[in-house]
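Each remark here refers to the structure printed beneath this line.
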Amino acid sequence: MDNLIFGRNAVTELLKSGHSVNRLFIAEGSRDGSIQKIFALAKEAGVVVEFLQRDKLDKLCGGRHQGVAASAAAVDYATVEEILALAEDKREPPFLILLDELEDPQNFGAILRTAEAVGVHGVIIPKRRSVQLNATVFKTSAGAAQYVKVAQITNVAQTLKNLRGVGLKVVGSDAGAEVSFRQADLTGGIVLIIGGEGKGMRRLTRENCNVLVKIPMFGKINSLNASVAGALLLYEIQRQRETNDG
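Here it is, written out as structure tokens:
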């Protein structure tokens with residue numbers, strides 16, 4: 006089954022990534038520069054281009070398509086082993102994210118965008134009770150979903166035990182933690198846990214963490230959006246990795 010990817014940035018990155026694209030849809034009358042660039046990329050890749058009336062494209066995508074959409078081959082999920090192999094090929098300590106029952110596709114997309122920016126080797130998601138890769142994730146990620154490996158797993162606790170067994174440090178964010186994320190040692194091979202919206206990490210996930218850190222809060226609201234919290238933690242990990250390499 007094909008995935009429908011829409012939005013100019015998402016479609017551009019899809020075509021540039023080399024992922025298999027079956028058909029490109031462009032709204033009739035769209036002729037500006039970014040559409041022309043997308044059209045040229047499609048032609049270069051040998052992708053069939055179909056011009057649709059805007060109302061038909063609206064119906065196909067549910068609106069908000071920015072005049073372009075693409076029918077792409079279904080996503081091939083990676084394995085955890087492939088993610089670790091990528092880190093080894095790059096001669097870098099593994100840098101992974103595990104999403105613990107995250108449900109909002111926009112949060113997932115935003116996390117993938119930050120993950121790509123800081124050099125994360127891959128993201129792990131549960132097969133059940135979790136957001137999956139879909140058109141909203143691709144659009145929100147601004148194309149990052151094409152470049153960051155995503156693995157599906159059936160058992161979060163067992164996966165974390167396995168990763169700890171090969172030397173990775175499992176780090177979770179918890180408001181009740183004693184150590185601020187800026188004070189913790191976040192160097193070396195690492196798995197960052199990003200919990201679900203509202204609920205945070207589950208008990209079994211928390212029990213499999215080596216380190217719990219908190220993000221200090223100084224206002225009246227005591228929590229951050231999952232993708233915002235994830236971005237703060239990811240950039241601190243990246244900063245420490247860079248400093249440690251130097």
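Take 6 as the starting number for the sequence shown in the numbering used here and just add one per residue.
In this text, a Cβ means the ideal position worked out from N, Cα and C, and glycines have one as well.
- By a beta-carbon distance limit of 8 angstroms, residue 28 contacts residue 53. Their separation comes to about 5 angstroms.
- Under the three-state reduction of DSSP output, residue 154 falls in the strand class.
- Straight-line measurement puts the Cα of residue 194 at about 11 angstroms from the Cα of residue 93.
- As for any alpha helix (DSSP H) of minimum length 4 sitting wholly inside the stretch 46-88, the runs are 59-66, ordered along the chain.
- Look at the beta carbons and you see the stretch 175-182 not touching the stretch 145-156: under three pairs across the two are nearer than 8 angstroms.
- In the DSSP annotation of this structure, the continuous segment of the alpha helix (DSSP H) that includes residue 233 starts and ends at 231-250.
- Counted as a single uninterrupted DSSP element, the beta strand (DSSP E) harbouring residue 219 occupies residues 216-219.
- Under the DSSP definition of a beta bridge, residue 9 partners with 76.
- Following the DSSP letters along the chain, one finds residue 116 in no beta strand (DSSP E) but inside the alpha helix (DSSP H) bounded by residues 110-123.
- With fewer than 16 other CB atoms across the displayed protein chains lying within 10 angstroms of its CB, residue 248 is exposed.
- Contact between residue 198 and residue 103 holds, since their C-beta atoms are separated by about 5 angstroms, short of 8 angstroms.
- In this structure, the straight-line span from the alpha carbon of residue 128 to that of residue 232 is close to 13 angstroms.
- Three or more beta-carbon pairs separated by less than 8 angstroms link the stretch 122-140 to the stretch 237-244, which places the two stretches in contact.
- Under the three-state reduction of DSSP output, residue 226 falls in the coil class, being neither helix nor strand.
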